[in-house]
Amino acid sequence: MKATEVLADGFGRVREVVHEVVEGLSAEELNARLDPEANSVTWLVWHLTRVQDDHVADAAGTDQVWSTGGWADRFSLDLPADATGYGHGPQEVSAVRVDSGELLLGYHDAVHERTLSHLRGLAAADLDRVVDDRWDPPVTLAVRLVSVLSDDLQHAGQAAFVRGAVQRR
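Numbering-wise, this note's numbering comes out as the position in the sequence shown, counting from 1, plus 55.
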């Protein structure tokens with residue numbers, strides 16, 4: 056199995072968890088927060104998808120699905136257009152709300168497809184390409200993709216936890 060196939064499998068697992076978490080929840084449940092400082096399922100899924108979109112597009116040298124696919128307009132958030140959720144406090148978290156899970160899943164699926172398309176076009180040697188030289192050691196494409204995958208899985212797990220807690224209320 057090629058390294059790019061392993062990465063694609065990992066991103067597919069993120070997609071599976073995202074769908075399991077979001078499907079069947081009402082808007083109220085998606086947007087619910089366990090306390091005023093907590094993240095909602097909506098914010099967690101939006102954030103993990105925004106980070107994947109941002110980081111994969113940057114590494115690929117392409118535009119983000121968020122802007123080119125019209126998702127920023129569809130979400131219509133009261134946040135800067137380039138917001139990914141990094142560093143968000145309670146006020147910003149509360150600004151990320153949806154009327155249904157379809158919007159979250161549509162955006163996530165579009166980013167997932169773009170990620171897979173990018174992975175399909177990579178050769179093994181491409182994974183060694185430095186994509187960020189601000190770090191020591193510099194970050195390669197492989198390390199960046201594993202970092203995104205790790206972050207996505209953590210947030211997807213957090214969203215699953217929040218879903219369970221909200222449904223038990």
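For each residue, glycine too, the CB sits at the ideal point set by N, CA and C.
query: Once the 5 residues before and after residue 112 are set aside, which same chain residues still bring their CB inside 8 Å of it?; result: 118, 119, 120 and 169
query: Label residue 89 either buried or exposed according to how many other C-beta atoms from any shown protein chain fall within 10 Å of its C-beta, with 16 as the threshold for buried.; result: exposed
query: When burial is assigned at 16 or more other CB atoms within 10 Å of the CB, is residue 126 buried or exposed?; result: buried
query: Does the stretch 81 to 101 come close enough to the stretch 137 to 145 that 3 or more CB-CB pairs lie under 8 Å?; result: yes
query: Grab the span of the beta strand (DSSP E) containing residue 186 for me, first residue to last.; result: 185 to 187
query: Tell me, to the nearest whole angstrom, how far the beta carbon of residue 133 is from that of residue 150; I am working on the premise that it is less than 8 Å.; result: 5 Å
query: Run the CB neighbour count on residue 76, radius 10 Å, all protein chains shown included, and call it buried at 16 or more, exposed below.; result: buried
query: Among 137, 155, 116 and 122, which one has its Cα closest to the Cα of residue 96?; result: 155
query: Any idea what DSSP makes of residue 139, helix, strand or coil?; result: coil
query: Pull up the CB-CB distance for residue 140 and residue 105, whole angstroms please, since I reckon it's below 8 Å.; result: 6 Å
query: Suppose the cutoff is 8 Å on Cβ atoms and the five residues either side in sequence are ignored; what does the same chain contact list for residue 199 look like?; result: 110, 114, 186 and 187
query: Judging by CA-CA distance, which residue of 166, 74, 70 and 58 is the nearest neighbour of residue 107?; result: 166
query: What is the DSSP secondary structure of residue 72, reduced to helix, strand or coil?; result: helix
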